[in-house]
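In what follows, a single structure is set out as structure tokens and then discussed.
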Amino acid sequence: MRKPCCDKENINKGAWSKQEDQKLIDYIRVHGEGCWRSIPKAAGLHRCGKSCRLRWLNYLRPDIKRGIFAEDEEDLIIKLHALLGNRWSLIAGRLPGRTDNEVKNYWNSHIRRKLIKMGIDPNNHKPHQSFSRPHASSAEGASTSESMNKGHNKVPIFKSPLAATHHRISFTEQESAIISSPSLNLDLTIALPSSLIGALEEDTPVQNSESTNTQIDLNC
DNA sequence: AAGGAGTTCAACCGCGAACTA
DNA sequence: TTAGTTCGCGGTTGAACTCCT
Numbered sequence: 001m002r003k004p005c006c007d008k009e010n011i012n013k014g015a016w017s018k019q020e021d022q023k024l025i026d027y028i029r030v031h032g033e034g035c036w037r038s039i040p041k042a043a044g045l046h047r048c049g050k051s052c053r054l055r056w057l058n059y060l061r062p063d064i065k066r067g068i069f070a071e072d073e074e075d076l077i078i079k080l081h082a083l084l085g086n087r088w089s090l091i092a093g094r095l096p097g098r099t100d101n102e103v104k105n106y107w108n109s110h111i112r113r114k115l116i117k118m119g120i121d122p123n124n125h126k127p128h129q130s131f132s133r134p135h136a137s138s139a140e141g142a143s144t145s146e147s148m149n150k151g152h153n154k155v156p157i158f159k160s161p162l163a164a165t166h167h168r169i170s171f172t173e174q175e176s177a178i179i180s181s182p183s184l185n186l187d188l189t190i191a192l193p194s195s196l197i198g199a200l201e202e203d204t205p206v207q208n209s210e211s212t213n214t215q216i217d218l219n220c
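When we follow UniProt numbering, the leftmost residue of the first sequence carries the number 1, and every step to the right adds one.
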């Protein structure tokens, strides 16, 4: 049985108040991010660390860009989704000031619908012949994160730059087809912390599709 | 104006990975 | 090596909001 992430008693849930926001902002300004589990207590918040982390990363961070997505941002999301599936954090990483939650919400509420209207299956980015799985939750098709993350043929997800260096990025046939598409010209670059660059120089470069100028940014 | 349907988005949950002792 | 802890992610939920009749 998994232990809960925090003591459920004496923990506030739901929307954050202005006072709570301010406490969190003030604390992080002084002490910086990190050790989310201890932040609530230290900052005097009756929240679990997870909740603080989410609130900070998605809404309170000073570099967050709010508001409507620009057309080029939307375009990029579609292309990145075709390439990466539901790896929202990776996609958001290519959109300065945007968070994974925001990108995910925008995809589900706007882009997804738009693609369906255009006759494109949002799961595989191909014109759908017969859209056999109309229900949203079950419509995560063979190429989406559900199958890629939990099933076979998954694209590796690198939780740390170091992990990324120990894997060769590989793509399924379908993803390779997308990458090879002449309409797709992604400029995704592998970005690693400078401390690692030296150590990597002897290693072989990560697989990349020259013809499409496609590189993957895994600076996460 | 009312209220039901549809949409948006902030927040929570559970899981797996990474880390630590 | 292993078990416990923490972090980060994607999926899902539900309250608030908007639109439509």
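Beta carbons: idealized from backbone N, C-alpha and C, even for Gly. Computed from a prediction, not measured in an experiment: that's the story for all the values here.
Q) According to DSSP, is D121 helix, strand or coil? A) strand
Q.
Going by DSSP, what residue range makes up the alpha helix (DSSP H) through G44?
A. Counting along the chain, G44 falls outside any alpha helix (DSSP H), and DSSP gives it neither H nor E.
Q. Under a three-way DSSP split, which group does residue 222 fall into?
A. Beyond the ends of the chain as shown, which are 1 and 220, falls residue 222; an answer cannot be given.
Q: Write down the C-beta distance between L95 and R55 rounded to the nearest angstrom, noting that I regard them as a contact closer than 8 Å.
A: That pair is no contact at about 20 Å.
Q.
With the cut-off set at 8 Å, would you say L83 and D21 are in Cβ contact?
A. no
**Q.** For K126, three-class secondary structure by DSSP
**A.** strand
Q. In chain order, what residues of the same chain have a beta carbon less than 8 Å from the beta carbon of W88, not counting five sequence neighbours either side?
A. D100, N101, V103, K104, W107
Q) How should D26 be labelled, buried or exposed, when 16 other C-beta atoms within 10 angstroms of its C-beta is the threshold for buried? A) exposed
Q) How big is the Cα-Cα spacing for R112 and P122? A) Rounded to whole angstroms, R112 and P122 show a C-alpha spacing of 6 Å.
**Q.** Proximity to H110 [Cα-Cα], best of E74, P127, A42
**A.** E74
Q. What is the C-beta distance between R47 and I11, in whole angstroms, given that I count them as a contact (C-beta under 8 Å)?
A. 6 Å
(Q) Let's test the definition: count the other Cβ atoms within 10 Å of the Cβ of A92 and tell me whether it reaches 16, buried, or not, exposed. (A) buried
**Q.** Simplified DSSP assignment, three categories, for E102
**A.** Taken through DSSP and simplified to helix, strand or coil, E102 comes out as helix.
**Q.** Element boundaries [alpha helix (DSSP H), containing W88]
**A.** 88-93
Q: Would you check if the distance between the CB atom of D63 and the CB atom of G34 is smaller than 8 Å?
A: Taking 8 Å as the Cβ cut-off, D63 and G34 do not qualify as a contacting pair.
Q: Quick one: grab the DSSP three-state call for K65.
A: coil
**Q.** For A70, the first and last residue of its enclosing alpha helix (DSSP H)
**A.** Counting along the chain, A70 falls outside any alpha helix (DSSP H), and DSSP gives it neither H nor E.
Q: Rank G119, D72, K13, L57 by C-alpha distance to the C-alpha of G32 and give the top, closest one.
A: L57
Q) Closest by CA to K50, which one among S17, R29, K13? A) K13
Q.
Among A43, S38, W16, whose alpha-carbon lies nearest the alpha-carbon of R29?
A. Closest option to R29, Cα to Cα, is A43.
(Q) Beta-carbon within less than 6 Å of G151's beta-carbon, same chain only, minus the 5 sequence neighbours each way: which residues are those? (A) Because the pLDDT of G151 is 31, which lies under 50, any placement of that residue in the model is unreliable, and the number read from its coordinates should be weighed accordingly. Closer than 6 Å at Cβ, skipping near neighbours: no residue.
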